[in-house]
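Inspection log for the structure reproduced underneath, given as structure tokens.
Numbering (full-length UniProt numbering), first residue to last: 1 to 269.
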């Protein structure tokens, strides 16, 4: 009888708790279990990007018709050289590549706009009034299957991308992160990047602002695929690298690797 009575009392208490919880989203019972998160005081773009520069980056992915890739590279190189050298346009090409392993017949271009969004806007206005550039776009469109782009900021703790003599192969590792994890990712990589500097392989690190969001691009340079393999394996011999991998892997939704060959006109060779 005592066990039955205790069971009835417990059931009644649980019933009352459930009713209190359901009566209001701010009920006292629910507040005992809901985890409260303090609001961040600033956007992750301000917390993670370089403060000393106002550079904005644009990355372009162009999927080219296989039979047009050579002609595409020649046409793109001609226009890039003009824009890169023309002081009236506040933009410069950082690097241009063709994908070797990954999506085939793909061209990747990385642009820098010194001056941020105002520089981007100024450049676009001038290009839209440039008849030669408009003709170039029409000709280029005939060679493309599809294209997409993103606007990026650079992580404050990564190297500033600068021209390299080469010859090198480049790897772009792209990470799609879980929403809300960019700060955590940056905190771990700010410590981990020191493990990847010995062979001067770290070229640049970026995170998206417009386009696909919560996307990170890490750009690396190697002498060869064998050098890449040796460099990456050597990182595992350093105390602390395994900790970075352990804590960042759960932040990733998906990831991809491209091995890329620089075009003849690319400042990154």
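The beta carbon of each residue, even a glycine, is placed where N, CA and C say it ideally should be.
Sub-8 Å separation of residue i and residue j beta-carbons
i: residue 94; j: residue 112; result: yes
i: residue 177; j: residue 252; result: yes
i: residue 248; j: residue 188; result: yes
i: residue 170; j: residue 216; result: no
i: residue 162; j: residue 63; result: no
i: residue 148; j: residue 75; result: no
i: residue 61; j: residue 106; result: yes
i: residue 173; j: residue 257; result: yes
i: residue 265; j: residue 71; result: no
i: residue 120; j: residue 56; result: yes
i: residue 102; j: residue 259; result: yes
i: residue 80; j: residue 167; result: no
i: residue 271; j: residue 220; result: With the chain covering 1 to 269 only, the question about residue 271 has no answer from this structure.
Collapsed DSSP secondary structure at residue i in the structure displayed
i: residue 70; result: helix
i: residue 331; result: The structure shown has nothing for residue 331, since the chain only spans 1 to 269.
i: residue 248; result: helix
i: residue 167; result: coil
i: residue 92; result: strand
i: residue 133; result: helix
i: residue 195; result: helix
i: residue 175; result: strand
i: residue 186; result: helix
i: residue 149; result: strand
i: residue 117; result: helix
i: residue 273; result: Residue 273 lies beyond the residue range present for the chain, which begins at 1 and ends at 269; the question has no answer from this structure.
i: residue 142; result: coil
i: residue 220; result: strand
i: residue 111; result: strand
i: residue 256; result: strand
i: residue 58; result: strand
i: residue 234; result: helix
i: residue 85; result: helix
i: residue 127; result: helix
i: residue 268; result: strand
i: residue 227; result: helix
i: residue 26; result: Caution applies to residue 26, whose pLDDT of 44 falls short of 50 and renders its modelled position unreliable; the value that the coordinates give is listed next. In the structure shown, residue 26 sits in coil (DSSP, three-state: anything other than H, G, I, E or B).
Assigned exposure category for residue i - 16 Cβ within 10 Å defines buried
i: residue 32; result: With a pLDDT of only 38 at residue 32, under the threshold of 50, the placement of this residue in the model should not be trusted, and no figure is reported.
i: residue 236; result: exposed
i: residue 125; result: exposed
i: residue 203; result: buried
i: residue 182; result: buried
i: residue 262; result: buried
i: residue 108; result: buried
i: residue 86; result: exposed
i: residue 191; result: exposed
i: residue 246; result: exposed
i: residue 254; result: exposed
i: residue 134; result: exposed
i: residue 117; result: exposed
i: residue 152; result: buried
i: residue 110; result: buried
CB-CB length for residue i against residue j, believed under 8 Å
i: residue 206; j: residue 155; result: 7 Å
i: residue 59; j: residue 150; result: 5 Å
i: residue 90; j: residue 122; result: 6 Å
i: residue 179; j: residue 199; result: Wrong, their Cβ atoms sit about 34 Å apart, outside the cutoff.
Residue i beta carbon near the ligand SAH (any heavy atom closer than 7 Å)
i: residue 256; result: As far as ligands go, the structure on display features none, and thus does not contain the ligand SAH.
Is it true that the stretch 233-248 meets the stretch 180-198, where meeting means three or more beta-carbon pairs spaced less than 8 Å apart? yes
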